[in-house]
Structures are given as structure tokens and as C-alpha cells.
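For the sequence shown, numbering that gives the first Met the number 0 assigns the number 0 to the initial residue and increments by one for each residue that follows.
Even glycine gets a Cβ: it sits at the ideal position worked out from N, Cα and C.
Scroll down for the structure; my scribbles are underneath it.
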Amino acid sequence: MPQNHRNLNPGMIITFINEVYLKYQLLGYWFKTLSNRQLAAMPEPLMHDFLCREQKTRQLQIVRTSKYLFAIAPTIEIGHNPFTIRRFLQEEALYSHERIIFNGVAINLAMLAENPPEYEQRFKQQTDYEARFRHQIEHIITLESNVNPEIFEFLYELEHYHEDTLLPMLFAPMPADVPLNKAVPSRLLQYEKLLTSNVLVPFHRILRKVVSNNDEQEGDLHRYPPIVRQYFERV
0 MPQNHRNLNP
10 GMIITFINEV
20 YLKYQLLGYW
30 FKTLSNRQLA
40 AMPEPLMHDF
50 LCREQKTRQL
60 QIVRTSKYLF
70 AIAPTIEIGH
80 NPFTIRRFLQ
90 EEALYSHERI
100 IFNGVAINLA
110 MLAENPPEYE
120 QRFKQQTDYE
130 ARFRHQIEHI
140 ITLESNVNPE
150 IFEFLYELEH
160 YHEDTLLPML
170 FAPMPADVPL
180 NKAVPSRLLQ
190 YEKLLTSNVL
200 VPFHRILRKV
210 VSNNDEQEGD
220 LHRYPPIVRQ
230 YFERV
């Protein structure tokens, strides 16, 4: 195993290949990553505090596997696979090797388990391990980290509204006294109206507020997340 700045070992790389790269190749769009809400619900402070915040700021793709958790930087180009093996293994030196940047890092989930106070040595190992993980995350450089945080906050609010309100409404049982050929179009129309008034229109408004002039829209659009870039291409 070649030396690397992240202390990657064969187990981490094999797990990444089998449970991230190959799985993504098979599932594509249906490949599951952890949402910010899921990270916030995890019991470990490293997850619900530090990584939850960094995932928001850097727009990281967080993948939980059987033994490890991987944090992967987003790609600049829309549609490019962020989970390639070569991209994950790459370590790039900046400023004459004064700073190394990564596209992804890994943490052993077993090291996050809480330990009784008497296991002082184990606690120290865990603390050191978490400190290294925090340091490695800081070496993931993304364009998204420079984006106005107001956009990201609003995107997460929209995501919660969609999950908490729109999806339950869409998949709620159909009324028994209405024929299916009338109930389904009515439900879809209701979904469309709520989606437009509570998601698309506010989304358009906040983007126009933050990105206020045409020069910035055209010149600096590459700094924004794919969903934002795609939206501006249509308006």
C-alpha cells in the first residue's frame, strides 16, 4: 500500500470500491447518500455537529458503508461521477507541497463508538482519530464553500418542506368515495400547486435576490451547486 496523507489502508479502499464505486455504478440515481438531516440525527458529536456543518458548507456527499463513512467532494461538472476510484485516491499538492488537498476522506465507524471513562487509552485514541478526521476534512476544497450560505439554508428548508409536507400528501391514501381516475389527477394538481407556490417561486425569488445582476449570473454561476446552475439555465 503506497504511503498517503490520509492513512488509507487496504480495507478502506476495498470497501470504497465494493460499497461505493461499484454500488453507484449499479444504482446510479438511486444510490443513497446521507442527507444533512440524517447526519444531524446521529448520536456522535463528530457527526451531528462537525460533519453536519461541513457537509452543508462544502456540499459533501456522505456515504455510510458497513465499516466506514466516506465524505466525498462534489464534482465541478454536472453529471460527472464523484465516486470514481482514481478521484478518491488522488492527493494533490498546492503551493509547492505546503498544502495537500483531497477529494474524499474516510473514517472508521468503530472508532466513533462511545467508551466508558475507565478506558482512558481508548478514549485518547478515539480523540486523536477524530482530530485527524477533522483535519482531513479541512483539506477538501470545494467551490461550494464560497457560495452564499443563504442559498444553502434556503435549499435545506425547501428539502424539509418537500419531505415533511409534499411527499406525505402525494402518497397519502386516496379518498374512498372518489373514483381513481379523478382522485389521481386531483392529487397531482394539488401537488403541483403546492410545489410551485412553496418551492419553485420562493426558490426563484431567493436566487434572484442573492445573484442580483446578469454579470454575476453568467460569470460566477460555476461556483453554485449543480441544482442552482441547472435552474439558471432554464430561467
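Give me whichever residues DSSP pairs with residue i in a beta bridge.
i, result
"Val104", "Ala70"
"Gln60", "Ile71"
"Ile99", "Ala92"
Can you tell me whether residue i is buried or exposed? The criterion is at least 16 other CB atoms within 10 Å of its CB, across all chains shown.
i, result
"Leu199", "exposed"
"Arg57", "buried"
"Thr141", "buried"
"Gly53", "According to the sequence shown, residue 53 is Glu rather than Gly. Looking at its Cβ environment, which holds 16 or more other Cβ atoms inside 10 Å, Glu53 is buried."
"Gly78", "exposed"
"Arg98", "exposed"
"Ile75", "exposed"
"Leu59", "buried"
"Asn288", "What is shown of the chain runs 0 to 234, which leaves residue 288 out entirely."
"Gln135", "buried"
"Ile13", "exposed"
"Ala92", "exposed"
"Asn35", "buried"
"Leu45", "buried"
"Leu188", "exposed"
Among the options, which one has its Cα closest to the Cα of residue i?
i, options, result
"Pro73", "Phe101, Lys181, Leu179", "Phe101"
"Ile205", "Gln125, Pro81, Phe153", "Phe153"
"Met11", "Leu187, Ala92, Asp176, Ile84", "Ile84"
"Leu111", "Arg5, Arg86, Pro178, Glu43", "Glu43"
"Ile71", "Tyr28, Val19, Leu25", "Val19"
"Ser65", "Gln37, Lys55, Ala105", "Ala105"
"Glu162", "Pro184, Pro174, Arg186, Leu194", "Leu194"
Which same chain residues end up closer than 7 Å to residue i when comparing Cβ atoms and leaving out the 5 residues on each side of it in sequence?
i, result
"Gln89", "Asn102"
"Lys22", "Phe30"
Got a sec? Which residues, its chain only, sit under 8 Å from residue i by beta carbon, not counting five neighbours each side?
i, result
"Ala39", "His47, Cys51"
"Ile16", "Ile84"
"Arg131", "Asn6"
Complete alpha helix (DSSP H) runs within the stretch 128–187 (minimum length 4 residues, chain order): 148–160, 166–169
Taking only runs of the alpha helix (DSSP H) that begin and end inside the stretch 6–54, which ones reach a length of at least 4 residues, in chain order? 9–15, 21–26, 35–40
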